[in-house]
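I have placed the structure first, in the form of structure tokens, so that the comments after it can refer back to it.
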Amino acid sequence: MHLGLTLDGLSRCGLTHKSTFLICLFFPAVSMLLSNSRLLQQLQTIISSSSSDPPPLPSARPPSALLCCSHLLLSSLITLQCIHSTQVQTSISWSLDTAVQLLLLQKRNTDNLLLVSYLRLLQALLDVDLTSAVVCLNTGPGLVRPRPLEVEDGALFPLGSKGALCLLNALQGLLLQKHELLLQTSVGCLSSLMSFLRRRSPVTAKYAACQPWFRILLQSLLSSGESSFLHPALLRFITLLLRHSSTVVRWEPHLLHVMETVEMRGVKELSLEAARALELLLTQIQGSVSLPTEEHKLRVREMREALGSQMSAESCNTSRSTNILRVGDVSIGLTSL
């Protein structure tokens, strides 16, 4: 089974010139799927059987691949329904509390690909401010304090301020994982969480961006070798912190170390994904970081120019098939994460 997840630029229900044609092709399929009550009922059965309380016996749980595919299909339907404002016949109930607690407390006992699917579904929901005609979210005491709701809980409902910090802590732990797809998806979900917090509660967003744990993580990466520090997902993570005005990232040692590592390694040695992530980081540096000297400004500008030439050459030679990860019966488009 191949599940094409939402394309770049669609996750926040916006269109780009590259995706408009594909979206026109998606519309009939989305309408057909969302009007198929039997399909939605089957999705509900699969998803409910994995999150019942008490937890089901292993023999009663749906296969991991089936649950993963259900999550990924649902995440795509949420995003595309937002774009098209498609009518929905039946909403699917999903426990936000159960999902966050699984990521926080049970990730060691959960298959990596299943974790990816949970993260992708959460990301799709955060991108539509946890409000979708496709999914009816159930919260719980693990996320939201008892009524009457405090101001922050109300602004972030149904996630709540406690739930937001729980999810943030879970994502921080997942950023330490070595699994390629899990790392990419964790950064994507973190980006959506931070954007959701900024829209709904800027105070909470500022607090989240300045978590001391992020500084510890960056320091750990600095000492783990260039292959880790120049990983595309981690470059996007640094860019994310800068975008949200985090005080954790500093020119020296963090950003200067990236620059020096790239200069020693050479732009031509970077993968296309690493080059793209680095280009975004350099753009963010130019827009939000006060560089100490004119020489540093020149180094950033020249590196961006070199990256532009390199990415143009590599894009022409990159096959679309390299962006597909196949795990058992499931195929996932990496560029969508």
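Mapping of the sequence shown onto my numbering: residues 73 to 409, in sequence order.
All residues carry an ideal CB built from backbone N, CA and C; glycine is no exception.
Since the model is a prediction, treat every value here as computed from it, not as a measurement.
Whole angstroms is fine: what's the gap from residue i's alpha carbon to residue j's?
| i | j | result |
| --- | --- | --- |
| PRO213 | ASP169 | 8 angstroms |
| LEU79 | SER148 | With a pLDDT of 38 at LEU79, under the threshold of 50, the modelled position of this residue cannot be trusted, and the question is left open. |
| PHE93 | THR158 | With a pLDDT of 46 at PHE93, under the threshold of 50, the modelled position of this residue cannot be trusted; read the value that follows with caution. About 18 angstroms. |
| SER142 | ILE118 | 8 angstroms |
| VAL206 | PRO230 | 16 angstroms |
| GLU341 | GLU224 | 46 angstroms |
| LEU293 | ILE150 | 35 angstroms |
| VAL334 | ILE288 | 22 angstroms |
| ARG322 | GLN113 | 50 angstroms |
| VAL361 | ASP201 | 29 angstroms |
| MET266 | ARG110 | 35 angstroms |
| VAL172 | GLU374 | 43 angstroms |
| LEU344 | ARG337 | 15 angstroms |
| LEU327 | LEU363 | 10 angstroms |
| LYS369 | ARG192 | 37 angstroms |
| LEU138 | GLN116 | 12 angstroms |
| ALA346 | GLN256 | 12 angstroms |
| ILE164 | PRO325 | 47 angstroms |
| ARG348 | LYS234 | 34 angstroms |
| LYS179 | HIS156 | 34 angstroms |
| LEU174 | LEU186 | 11 angstroms |
| PHE309 | CYS261 | 11 angstroms |
| ARG270 | GLU367 | 34 angstroms |
| ARG315 | GLN283 | 15 angstroms |
| TYR190 | CYS140 | 8 angstroms |
| SER384 | THR365 | 30 angstroms |
Consult DSSP for residue i and reduce its assignment to one of helix, strand or coil.
| i | result |
| --- | --- |
| SER361 | A quick correction: the sequence has Val, not Ser, at residue 361. Here VAL361 sits in coil by DSSP. |
| PRO100 | helix |
| GLU222 | coil |
| ASP183 | coil |
| SER381 | helix |
| HIS316 | coil |
| ASN241 | helix |
| PHE93 | Confidence at PHE93 is low in this model, with a pLDDT of 46, below 50, so its placement is unreliable and no value can be given for it. |
| SER147 | helix |
| PRO326 | Just to set this straight, residue 326 is His in the shown sequence, not Pro. Note: HIS326 maps to helix in three-state DSSP. |
| SER189 | helix |
| THR170 | helix |
| HIS156 | helix |
| LEU253 | helix |
| PHE229 | coil |
| HIS368 | helix |
| ARG217 | coil |
| LEU248 | coil |
| VAL321 | coil |
| GLN178 | coil |
| LEU194 | helix |
| LEU307 | helix |
| SER107 | coil |
| ARG133 | coil |
| LEU202 | coil |
| SER121 | helix |
| GLY212 | coil |
| LEU344 | helix |
| VAL302 | Inspection of the sequence shows that residue 302 is occupied by Leu rather than by Val. Three-state result, LEU302: coil. |
Going by the DSSP bridge assignment, what does residue i pair with across the sheet?
| i | result |
| --- | --- |
| VAL207 | ILE164 |
If you check the beta carbons only, do residue i and residue j fall under 8 angstroms apart?
| i | j | result |
| --- | --- | --- |
| VAL339 | LEU379 | yes |
| HIS251 | ASN184 | yes |
| LEU246 | SER258 | yes |
| SER204 | LEU197 | yes |
| PHE286 | SER318 | yes |
| THR311 | LEU243 | no |
| GLN382 | VAL372 | no |
| SER300 | LEU306 | yes |
| VAL320 | LEU350 | no |
| PRO135 | SER122 | no |
| VAL102 | LEU152 | yes |
| VAL188 | LEU248 | no |
| SER273 | ALA227 | yes |
| LEU237 | VAL160 | no |
| TRP166 | ASN210 | yes |
| LEU302 | ALA281 | no |
Any heavy atom of the ligand MG closer than 7 angstroms to the Cβ of residue i?
| i | result |
| --- | --- |
| CYS238 | You won't find the ligand MG in this model; it holds no ligand whatsoever. |
Please report whether the beta-carbon of residue i lies at a distance below 8 angstroms from any beta-carbon of chain C.
| i | result |
| --- | --- |
| VAL223 | The displayed structure is made up of one protein chain only, and chain C is not part of it. |
TODO: Go through the stretch 259 to 300 residue by residue and report every complete run of the beta strand (DSSP E) that reaches 3 residues or more, in order.
DONE: As far as the stretch 259 to 300 is concerned, it has no whole beta strand (DSSP E) run of at least 3 residues.
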